[in-house]
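Below: the structure, in structure tokens.
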């Protein structure tokens with residue numbers, strides 16, 4: 034059981050605005066692992082989205098389930114007549130590269 038109320042620690046844990054001093058930015062955050070899509074770090078710093086670090090249990094289930102929902106939607110949008118197989122769902126989220134929109 035947490036000893037602090039969520040409101041006492043929430044803002045502190047969400048502060049991800051780190052300026053690196055002892056390592057080059059590109060070395061610490063290689064583009065293939067953390068692509069900012071050309072958005073400067075300072076712009077990311079002002080972005081406020083409650084799911085960055087923590088989210089309630091119901092939100093965690095929703096986040097975990099989203100890839101399989103996306104797969105089903107793409108499957109049906111492509112006009113697939115066969116239902117998805119278990120192996121299709123097991124493969125969701127593994128080995129897919131992140132790409133920037135546009």
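In my numbering, the protein residues as written are 34 to 135. Just so it is clear, CB atoms sit at the ideal spot from N, CA and C, and this is done for glycine as well.
Quiz item: Would you report the Cα separation of residue 41 and residue 112, rounded to the nearest angstrom?
Solution: 50 Å
Practice problem: Hey, could you find the ends of the alpha helix (DSSP H) residue 77 is sitting in? | Solution: 74-78
Practice problem: Let me know the secondary structure DSSP gives residue 66 once reduced to three states. | Solution: coil
Quiz item: Between residue 78 and residue 69, is the Cβ-Cβ spacing less than 8 Å?
Solution: no
Quiz item: Where do the ends of the alpha helix (DSSP H) carrying residue 61 lie?
Solution: 58-61
Quiz item: Smallest Cα separation from residue 48: which of 106, 66, 107, 75?
Solution: 75
Self-check item: Distance, residue 46 Cα to residue 38 Cα
Solution: 13 Å
Self-check item: Reduced DSSP category for residue 36 - H, G, I as helix; E, B as strand; rest coil
Solution: coil
Exercise. Taking residue 50 as the reference, give the member of 100, 73, 99 with the closest Cα.
Key: 73
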